[in-house]
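For reference, the structure is listed below as structure tokens.
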Amino acid sequence: MKRAIIACGGTGGHMSPGIALAEELTSRNWNCTLLISNKQVDSRLVKKYRDFDYETVDGRPFSIRPNRLVLFLISLVRGTIKCTRMIHAKKPDVVIGFGGFLSMPAMLAGFLAGLPTVIHEANRVAGRVTRIVSWFARRIYLPKGVSVRTKRSSRIRYVGMPVRNEIVSQSKSAAKRKLGLDPRLNLLVIMGGSQGAESLNKWVKASLPILAQKEVQVFCLTGGGTEADSSMTFKSPKGTVVRSLFRRFSDDMATVLSAADLVVSRSGAGSIAEMMRCRAPGILIPFPFSADDHQVENAKNFESLGCGIHMSQDYIGDLLKEVQDVLFNEWLMQKFRHNLELADRADVRSFMANDLERIVSGNGLSMAARTEQRLRT
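When we follow our numbering, the leftmost residue of the sequence shown carries the number 167, and every step to the right adds one.
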């Protein structure tokens, strides 16, 4: 049995692709250990997946501020020591990182132990961890068109985002019924990623009366703040009851996105991949303080593929008009859904799993055989 350590904790955008790859590897008789953080989003997600082992690793994001830099370095040393001990105990064949602060100690420990190390970058701008570990990683998975500095470009493979088994497109009417909503009415889904987005939450509450007049239902994922789950009911001028739901989290994103006629969302790579899989057109409003503006680049790419619209948060005052203009333009909506299907045709999980098996199978080969395999791949 082959073994993998997968560092993917910290946010839903890192956890979800890590789980997706672990699902694929487990189906091929691998044993997978996922490294997660102590955050609520991590512990909530892992409750659903019992086929993997889990280990928590403390970590802090990199910062140039002196006090935070010291804390980062301390956590990096502690994390690397813990990951080194884990490697000695579990004897993995490969260490895989999905970006974020937990990937760094795992990748460093794997490299120092002489193991193949692999990094996956989902965003349209390579993150800091990806840029650092690309100097020693055996394989670097990047979106097409994204680049990093590395000693050998032959290490790079261009792939998208692996998506979990449960994220499948469902019947729109059935999905709306499952959420307790009217299948005859349009549904606008609002989501700000695993951490929520206060600006989007405020916008939708202010816009509810006008949306209800247009008979548009709302399902809003508010994130992990203090706000409790709730619902609101309005009547349209025609007397139609229009219900809107507010939930902190959803453990069934396939149903939420399949039910959506239109999504208003931040532009994390994980959210975009799941929208594509469920054929949910979107208006993407990038988080304005994302590292290296990677959410802006993600949104621009989504728009260039013809899957939706990119809008700056500076123009959120125009969002209600944009929502109505898109939602009631049937030609445009059909075009978006068609392009979403075209954008989601690659089998990323199988590609990555096949590639990892080739990398791992080379560990016991002679130097000449390894050289031949490297040249062939």
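The C-beta atom is built at its ideal place from N, Cα and C for all residues, glycine as well.
Keep in mind the model is a prediction, meaning the values are calculated, not measured.
Cut-off 6 Å between Cβ atoms - residues of its own chain near residue 406, not counting five sequence neighbours on either side: Closer than 6 Å at Cβ, skipping near neighbours: 381.
Distance between beta carbons of residue 290 and residue 467, contact taken as under 8 Å: The pair is a contact, with the Cβ atoms about 5 Å apart (cut-off 8 Å).
Pair within 8 Å by beta-carbon distance, residue 386 and residue 415: In this structure, residue 415 does not lie closer than 8 Å to residue 386 by Cβ.
Best match in 482, 474 and 221 for proximity to residue 201 [C-alpha to C-alpha]: Looking at the Cα atoms, 221 is the closest of the given residues.
Meets three-Cβ-pair contact criterion under 8 Å: the segment 261-273 and the segment 175-183: Cβ pair count under 8 Å is three or more, so yes.
Whole-number beta carbon distance between residue 223 and residue 257, since they are thought to touch under 8 Å: 18 Å between Cβ atoms; not a contact.
Counterpart residues of residue 383 in DSSP-defined beta bridges: DSSP output for residue 383 lists 353 as bridge partner(s).
Residues bridged to residue 451 (per DSSP): Secondary-structure assignment with DSSP links residue 451 through no beta bridge to anything.
beta-carbon residue 235 near the ligand ADP non-hydrogen atom, thresh 7 Å: Questions concerning the ligand ADP fall outside what the structure shown contains, since it holds no ligand whatsoever.
Backbone CA spacing between residue 440 and residue 329 [nearest angstrom]: When rounded, the distance between both Cα atoms is 7 Å.
Continuous beta strand (DSSP E) assignments of at least 3 residues falling wholly in the segment 246-294: Counting only runs of 3 or more, we get 260-263 and 283-286.
Residues sharing a beta bridge with residue 399, DSSP: DSSP lists 409 as partners of residue 399.
Closest residue to residue 423 among 337, 479, 458 and 185 (Cα-Cα distance): Nearest of 337, 479, 458 and 185 to residue 423, Cα basis: 337.
Residue span of the beta strand (DSSP E) that contains residue 323, given as start and end: Note, residue 323: beta strand (DSSP E), 322-324.
Pair within 8 Å by beta-carbon distance, residue 435 and residue 357: Contact check for residue 435 against residue 357 fails: the beta carbons are separated by 8 Å or more.
Minimum Cβ-Cβ distance from residue 441 to chain D less than 8 Å: Absent here is chain D; the protein component of the structure consists of one chain.
Same chain, Cβ closer than 7 Å to residue 403, neighbours up to 5 away in sequence not counted: Taken in chain order, the residues that qualify are 379.
Residue 118 versus residue 496: straight-line alpha-carbon distance, rounded: The structure shown does not extend to residue 118, since the chain is modelled only from 167 through 543, so no value can be given for it.
Residue 234 versus residue 278 - alpha carbon distance: When the Cα atoms are used, residue 234 and residue 278 turn out to be separated by approximately 25 Å.
Rounded straight-line distance, which links the Cα of residue 244 to that of residue 237: One alpha carbon belongs to residue 237, the other to residue 244, and they sit about 11 Å apart.
Sequence-distant residues of its chain with Cβ nearer than 8 Å to residue 374 (five each side left out): If we look at residue 374 and ignore the five residues flanking it on each side, its Cβ neighbours are 384, 398, 400 and 410.
Cβ pair residue 139, residue 306 closer than 8 Å: The structure shown does not extend to residue 139, since the chain is modelled only from 167 through 543, so no value can be given for it.
Own chain, CB closer than 6 Å to residue 285, minus 5 neighbours either side, in chain order: Here the set comprises 263, 296, 299, 303 and 306.
Inter-residue Cα distance where the pair is residue 485 and residue 216: In a straight line, the C-alpha of residue 485 is about 41 Å away from that of residue 216.
Rounded Cβ spacing between residue 503 and residue 443 (contact assumed at less than 8 Å): Contact between residue 503 and residue 443 fails: their C-beta atoms lie close to 12 Å from each other, not under 8 Å.
Among 311, 425, 211 and 203, the one whose alpha carbon lies nearest that of residue 227: Residue 203 holds the alpha-carbon nearest to the alpha-carbon of residue 227 among 311, 425, 211 and 203.
Identity of the residues DSSP links to residue 197 by a beta bridge: Paired residues: 169.
Residue 178 (DSSP reduced to helix, strand or coil): Correct three-state label for residue 178: helix.
Within the segment 449-516, ranges of the alpha helix (DSSP H) (whole runs, at least 4 residues): The qualifying runs are 460-470, 485-493 and 496-509.
Exposure of residue 476, with buried meaning 16 or more beta-carbon neighbours within 10 Å: Taking a 10 Å sphere around the C-beta of residue 476, we find 16 or more other C-beta atoms and assign the residue as buried.
Euclidean distance between Cα positions of residue 334 and residue 523: Roughly 26 Å separates the two Cα atoms.
Residue 313 (DSSP reduced to helix, strand or coil): Residue 313 falls in the coil class under three-state DSSP.
As assigned by DSSP and simplified to three states, the class of residue 347: Looking at residue 347 - three-state DSSP - the assignment turns out to be coil, as it is neither helix nor strand.
Exposed unless 16 or more other CB atoms sit within 10 angstroms - verdict on residue 508: Within a 10 Å sphere around the beta-carbon of residue 508 sit fewer than 16 other beta-carbons, which makes this residue exposed.
Range of the contiguous alpha helix (DSSP H) that encloses residue 421: Residues 419-425.
Local Cβ density within 10 Å of residue 532, reported as buried at 16 or more and exposed below that: Caution applies to residue 532, whose pLDDT of 41 falls short of 50 and renders its modelled position unreliable; the value that the coordinates give is listed next. Here residue 532 is exposed. Its C-beta has fewer than 16 other C-beta atoms within 10 Å.
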